[in-house]
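Residue numbers are given in full-length UniProt numbering: position 60 of the first sequence equals residue 60, and the series is strictly consecutive.
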Amino acid sequence: MYGIVDCNSFYASCERAFRPNLIGKPIVVLSNNDGCVIARSKEAKPYVKMGAVAFKSKEDFRKNGIHVFSSNYALYGDMSYRVMTIISKYVDDIEPYSIDEAFFKLENVTSQEAELIGKQIQKEVMQQLGLPVSVGIAASKALAKLANNIVKTYPEQTKNVYVIGTEEQRLKALKWTNIDNVWGIGRKLTKKLQEMNIKKAYDFTLLSDELVRRKFSVVGLRLKHDLEGKPTIGFEEVHDKYMIATTRSFPNVLSDLNEIEERVATFANSCAEKLRKQKSECSGAYVFLRSNRFGKEYMKIGAMVHFGFATSSSITITKGVLEKLREIFKEGYTYKKAGVILVSISPNNSHQIRLFGDENPKHQLLMQAMDKLNNKMGQGKLKLANQDIKKTWKMRQEHLSPQYTTKFSDIITVNCK
DNA sequence: TCTGGGGTCCTAGGACCC
DNA sequence: TCTGGGGTCCTAGGACCC
């Protein structure tokens, strides 16, 4: 059987885990730069929409006594790791799917046994980490997601765990689920399906394979089979990333090439660090600039860089990306966002040697030394000179909580009287 | 003043090979 | 007048997920 564990209002729950005085209170967590709402506790949902723009919602927050947090990825990442570790103890295989979700596999179990395992996971995550989770279990991943939706809708009745164990339960669940709530059916497909008078997940499974294949490609067909209880959407091995990106909006717009170069150099360097961390190399990168998405004249420019060989050197990557940036840069515009995306990624242990012009082998040693120092002394201690060493760019983070679990100076103090 | 970031998979079409 | 068949690789764009 396949299952999925999904943390409820994950970011908000992480904040609350260390602030028990906020139990039962409405909480929202904001995106980078305190831009918009990206997580809401159950109590906040009636008052704040997902994606609400923070600066326009200040009054709503105040009126409804909502506690606001800037996003604290150090905390969420560490809590996520702890959740995954607990799940791994109970299951035969685990596939972390996102920061707050993981699929798992159970071999040779009855639905009763599966339900019991689900309950144990739920209980231990709550006990150890103070995070509420919902568990859905069924014969396929798409059905497990469906079971998970049922839990989220009826947390009391299901006691946070639901198993679709019988054919009867499967049909009931499919008839209950609106088509737009099916995993893999987004806005566009919902519209297309509704025009075909498909309203429930069940209706979708009644279509013929040929029709689904023709109109929705193999992706749709796989989904259909999964919903029929024939597991078709595979269990993914954990693999290296095929794409690594660092992209940011600027707190204010920039128009000066020098300033933008500094930002882009920093993004390229950050990408290269992530690349080395997963022991990979890349042979290309994409660099882009965008004006304000909400402005009058929205414009974006971008281009691909080819390094000519696979590399993980911050120096090579940054240099290539900056050269391309200067090529495509257009004077006279104001830019709001920039980014670097590494592509053509391959493992560094299968490095293809070039007949002509491979990278200077000294780079590798230099990068190793740089990573080692930064790991020990703190991120960004050692930088490339094209990154600004005086000015430290700061995101707007007016409501940031401490790094309770990853920073010695932020560990909470408990007073025992 | 202020509007997020990071991923995956698939398809179509062009350029090229023999 | 007529113009084959079987491939690969790459890119751009679209859809989806969290």
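Yeah, the Cβ is synthetic: ideal placement off N, Cα and C, and Gly gets one too.
Just so it is clear, the structure is predicted and the values come from calculations on it, not from any experiment.
Note the first and the last residue of the continuous alpha helix (DSSP H) segment covering residue i.
{"i": "residue 14", "result": "10–17"}
{"i": "residue 369", "result": "362–377"}
{"i": "residue 301", "result": "Per DSSP, residue 301 belongs to no alpha helix (DSSP H); it is in the beta strand (DSSP E), 300–311."}
{"i": "residue 61", "result": "54–63"}
{"i": "residue 28", "result": "Segment 27–30 is the beta strand (DSSP E) holding residue 28; no alpha helix (DSSP H) there."}
{"i": "residue 320", "result": "314–328"}
{"i": "residue 155", "result": "155–158"}
{"i": "residue 226", "result": "209–227"}
{"i": "residue 270", "result": "257–277"}
{"i": "residue 102", "result": "That residue, residue 102, is in no alpha helix (DSSP H); its beta strand (DSSP E) goes 101–105."}
{"i": "residue 83", "result": "73–90"}
{"i": "residue 114", "result": "111–129"}
Applying the 10 Å Cβ sphere with the 16-neighbour rule, what's the burial state of residue i?
{"i": "residue 323", "result": "exposed"}
{"i": "residue 387", "result": "buried"}
{"i": "residue 385", "result": "exposed"}
{"i": "residue 237", "result": "exposed"}
{"i": "residue 416", "result": "exposed"}
{"i": "residue 122", "result": "buried"}
{"i": "residue 239", "result": "exposed"}
{"i": "residue 20", "result": "exposed"}
{"i": "residue 197", "result": "exposed"}
{"i": "residue 276", "result": "buried"}
{"i": "residue 206", "result": "exposed"}
{"i": "residue 149", "result": "buried"}
{"i": "residue 306", "result": "exposed"}
{"i": "residue 158", "result": "buried"}
{"i": "residue 168", "result": "exposed"}
Can you name the start and end residues of the beta strand (DSSP E) that residue i belongs to?
{"i": "residue 7", "result": "2–7"}
{"i": "residue 252", "result": "244–254"}
{"i": "residue 166", "result": "From DSSP, residue 166 is part of no beta strand (DSSP E); its letter is neither H nor E."}
{"i": "residue 282", "result": "280–290"}
{"i": "residue 136", "result": "133–138"}
{"i": "residue 95", "result": "93–98"}
{"i": "residue 333", "result": "Taken as a continuous stretch (DSSP letters only), residue 333 belongs to no beta strand (DSSP E), as it is neither H nor E."}
{"i": "residue 69", "result": "67–70"}
Please report the Cβ distance between residue i and residue j, rounded to the nearest whole angstrom; I am assuming they are in contact, meaning their Cβ atoms lie under 8 Å.
{"i": "residue 8", "j": "residue 133", "result": "6 Å"}
{"i": "residue 345", "j": "residue 270", "result": "That belief does not hold up - the Cβ atoms of residue 345 and residue 270 are roughly 15 Å apart, past 8 Å."}
{"i": "residue 103", "j": "residue 235", "result": "7 Å"}
{"i": "residue 161", "j": "residue 119", "result": "5 Å"}
{"i": "residue 260", "j": "residue 333", "result": "About 10 Å separates the two Cβ atoms, so there is no contact after all."}
At the level of alpha carbons, what is the spacing between residue i and residue j?
{"i": "residue 114", "j": "residue 202", "result": "24 Å"}
{"i": "residue 61", "j": "residue 397", "result": "16 Å"}
{"i": "residue 363", "j": "residue 313", "result": "6 Å"}
{"i": "residue 231", "j": "residue 170", "result": "13 Å"}
{"i": "residue 147", "j": "residue 45", "result": "22 Å"}
{"i": "residue 139", "j": "residue 14", "result": "31 Å"}
{"i": "residue 216", "j": "residue 183", "result": "14 Å"}
{"i": "residue 264", "j": "residue 172", "result": "52 Å"}
{"i": "residue 301", "j": "residue 31", "result": "24 Å"}
{"i": "residue 24", "j": "residue 137", "result": "28 Å"}
{"i": "residue 187", "j": "residue 369", "result": "47 Å"}
{"i": "residue 34", "j": "residue 71", "result": "8 Å"}
{"i": "residue 376", "j": "residue 78", "result": "18 Å"}
{"i": "residue 204", "j": "residue 224", "result": "7 Å"}
{"i": "residue 248", "j": "residue 337", "result": "6 Å"}
{"i": "residue 91", "j": "residue 1", "result": "10 Å"}
{"i": "residue 101", "j": "residue 316", "result": "36 Å"}
{"i": "residue 208", "j": "residue 221", "result": "9 Å"}
{"i": "residue 64", "j": "residue 284", "result": "49 Å"}
{"i": "residue 59", "j": "residue 175", "result": "41 Å"}
{"i": "residue 117", "j": "residue 85", "result": "15 Å"}
Between the options, which lies nearest to residue i when the distance is taken from Cα to Cα?
{"i": "residue 106", "options": "5, 13, 331, 271", "result": "5"}
{"i": "residue 125", "options": "81, 50, 173, 97", "result": "81"}
{"i": "residue 352", "options": "10, 310, 343, 317", "result": "310"}
{"i": "residue 178", "options": "168, 120, 194", "result": "194"}
{"i": "residue 395", "options": "191, 206, 210, 250", "result": "250"}
{"i": "residue 331", "options": "361, 154, 289", "result": "289"}
{"i": "residue 228", "options": "99, 165, 297", "result": "165"}
{"i": "residue 299", "options": "117, 226, 329, 213", "result": "329"}
{"i": "residue 326", "options": "348, 287, 96", "result": "287"}
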